[in-house]
Amino acid sequence: MSERKRRVRFAPSPTGPLHMGGVRTALYNYLYAKQAGGDFIIRIEDTDSQRLVPGAEQYIINSLKWCGIYPDEGVDAGGAIVEVPSARHPHAPYRQSQRKPIYRQYAEQLIKNGYAYYAFDSGEELDAKRKESEANKSTFIYNYQTRKELKNSLTMPSEQVQELLATTSNWTIRFKNPEDEIVTMDDLIRGHIEVNTNTLDDKVLWKAIDELPTYHLANIVDDHLMEITEVIRGEEWLPSLPLHYLLYKAFGWTNTQPRFAHLSLLLKPDGKGKLSKRDGDRLGFPVFPLKWVNPEGEISRGYCEDGYYPQAFINMLSLLGWNPGTEQELFTLDELIQAFSLDRVIKSGAKFNPDKAKWFNQQYLRQQTDTQLAEQFIPILQDKGIGIVKGNTDAQNGASSANIYPFSYVEALCALIKERAHFVTDFWEICSYFFIAPTTYSPVDVKKFYNADTKAIMEKAYARIQTIDTSDVHVIEEELTGYIKENGWKMGTVMNTLRLFFVGEAKGLGIAEIIYFIGKPEALRRIKIALETIPVG
RNA sequence: GGUCGGUUCGUCUAACGGUUAGGACUCAAGAUUUUCAUUCUUGCAAUAGGGGUUCGAUUCCCCUACCGACUACCA
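Residue 1591 in the working numbering is what sits at position 164 of the first sequence, and the numbering runs on without skipping anything.
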């Protein structure tokens, strides 16, 4: 069976947006499949009709697409779950709610062979049992001991069972757990695990409430039918692994049973417990790949909208619980496919670090070309009312009263500012003064740099700048520093006063660069306005 | 409570049973700089505790502590 083609699946439940932990699970599955030349399958586990959230299924597919994770099977070219079998998608439908007859048939097979039974206990009755046990400081387990005293097809006459099945709908199918057996399991990440069946519940396989299978039944049947070779899923499934082993055995599928790998959880950055949407809201970072608006209209931010590159997001996620064994930290998707190994997946939970996520994005931002950055920046500029014209006309000295700039101006600017940003969404904050003049001046910096002395210097500088050739940054640089030195002024004071005039505060790029970009007329205009409006303290 | 899993710098992590326990993020200091940022250099900082096994345990075993998951007709 080791000769079988590797087939793994990502099987989300459409009960809400895909969490970044879910993206990591999908990613590891994808990397594993692609490295082995196998298939990565999407299956929608929507057997909980009560918790189904409209739009969640499409959101999950869109999120994976944004991450660059494309399934081989289960989703068609248009990004929809496949419902009708075809050569490429032989196991359709890939939505469990549409596979109900299949599960029903297998559930009945289990009953026929004595591995499952009908149970008629109501939820209230079972709750009462659990409360009672709790009061006695013991745990109620629906198993070989207690099922003798409960209402089910093992304890009731078969005529009564048939009658109840025919006349009521309030029945479930439960797995009949064996008595006092040791289930020995092997996990690809955690190694050997043993559990005694006496600690296990007779889990419900078929629900009365919506007449659908539970996860356990549907999952095992589908993994078998879809010829899944490895199940890579979250740690929350580890406690049900014995049941799943027992189910494979009951069906007689142990020779093709998939191997299991249980991934640790993603933990919140501070404190304890698993990462939740609340942590993101509280600490100011997204937990979802894309923006999500829930049915109540509540909006959750996404990595995409926050300005993350999908490659950076994926790269960051890949290293949260896995490492290549080398000191390499930056990986393309293809490199991850090459390097990935289940052997090097970490057993313990990983606390998410938002700072490191930003760092990853910064690394990817620096890899972008100036042209790419300009293209990414332009929508933001347009949003701010800045017009962009394609082409290279009059690239420098481009500030115009109409607020229209050539593409080459933005491109050249990106080259200068990209070292200062983690996100393209930071750009406007960093360089808005290249497009619009300051309207206010930082009081702190005014106090620090603007007085009668510097006012006099600025008036002289105004005249001098008029004479400088501003078509070359180096010329501006030399002229300016030379002028300051020959007058015996302090470099920092003069430069920062100019910066205050040009930017509105004492920060920003080099003065020569600012003058070069905004152009001589605009530079002079800003000096003049500042001299006229800032009161001398 | 029970079952299962986990535990190396603040965080992510590396280390055939033999290393001054390494790297990255964060933070701090210094250098560079006309400011800010960048860059460079340096620094701070860890094997949960206790028993074994061994010439020698971060590494193997046991116990304790702590953390987490599960304990639904949810996945």
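For glycine and all other residues, C-beta sits at the position ideal for the given N, C-alpha and C.
Comparing alpha carbon positions, the residue from 1902, 1540 and 1465 closest to residue 1602 is 1540. In the structure shown, residue 1721 falls within a coil segment according to DSSP collapsed to helix, strand and coil. For residue 1749, the secondary structure class from DSSP, reduced to helix, strand or coil, is strand. Annotation for residue 1437: no alpha helix (DSSP H) segment contains it, though the beta strand (DSSP E) segment containing it runs 1434-1437. Each residue's CA atom was taken as its position, placing residue 1490 and residue 1719 some 10 Å apart. Residues 1433, 1434, 1435, 1466, 1467 and 1499 of the same chain have their beta carbon placed closer than 8 Å to that of residue 1460, with the five preceding and five following residues left out of the count. For residue 1476, same chain residues with a beta-carbon under 7 Å away, outside a window of 5 residues either side, are 1637 and 1639 in chain order. Looking at the DSSP output, residue 1694 sits in a beta bridge with 1701 and 1778. The continuous beta strand (DSSP E) containing residue 1632 extends over residues 1631-1633. Residue environment analysis places residue 1918 among the exposed positions, since fewer than 16 neighbouring C-beta atoms fall within 10 angstroms of its C-beta. The beta-carbon separation of residue 1953 and residue 1864, rounded to 5 Å, stays under the 8 Å limit for a contact. In the structure shown, residue 1671 falls within a helical segment according to DSSP collapsed to helix, strand and coil. When the Cα atoms are used, residue 1944 and residue 1870 turn out to be separated by approximately 26 Å. In the three-state reduction of the DSSP assignment, residue 1607 falls in the coil class, being assigned neither a helical nor a strand state. Rounded to the nearest whole angstrom, the C-alpha separation of residue 1672 and residue 1679 is 11 Å. Its Cα nearest to that of residue 1544, the residue 1570 stands out among 1668, 1570 and 1711. Taken through DSSP and simplified to helix, strand or coil, residue 1727 comes out as strand. Membership of residue 1619 in the beta strand (DSSP E) is indicated by the continuous run 1618-1623. Nearest Cα to residue 1776 within the set 1689, 1855 and 1509: 1689.
Annotation: residue 1661 to residue 1452 spans about 7 Å, alpha carbon to alpha carbon. DSSP places residue 1599 within a strand segment (E or B) once states are collapsed to three. Going by DSSP, residue 1872 is part of the alpha helix (DSSP H) stretching over 1870-1876. Measuring C-alpha to C-alpha distances from residue 1493 to each of 1736, 1472, 1883 and 1711 identifies 1736 as the nearest. In this structure residue 1938 is buried. Its beta-carbon is surrounded by 16 or more other beta-carbon atoms within 10 angstroms.
For residue 1756, the CB contacts under 7 Å within the same chain, skipping 5 residues up- and downstream, are 1746 in chain order. Excluding residues up to 5 positions away in sequence, 1530, 1531, 1534, 1599, 1600, 1639, 1640, 1641 and 1644 lie with their Cβ nearer than 8 Å to the Cβ of residue 1633 in the same chain. Residue 1467 is bridged by DSSP to 1435. Rounded to the nearest angstrom, the gap between the Cα atoms of residue 1572 and residue 1482 is 44 Å. Segment contact: the stretch 1796-1808 against the stretch 1833-1850, three or more CB-CB distances shorter than 8 Å; contact assigned.
In this structure, DSSP gives residue 1449 a helical state, which the three-state scheme calls helix. Around the beta carbon of residue 1457, 16 or more other beta carbons lie within 10 angstroms, which makes this residue buried.
The DSSP-derived three-state label of residue 1689 is strand. Rounded to the nearest whole angstrom, the CA to CA distance from residue 1786 to residue 1607 is 52 Å.
Residue 1876 and residue 1844 have their alpha carbons spaced roughly 25 Å apart.
Scanning its chain for C-beta atoms nearer than 8 Å, with the 5 sequence neighbours on each side dropped, one finds around residue 1765 the residues 1462, in chain order. Leaving aside the five residues that flank residue 1712 on each side, the residues in its chain whose CB is nearer than 6 Å to its CB run, in chain order, 1781.
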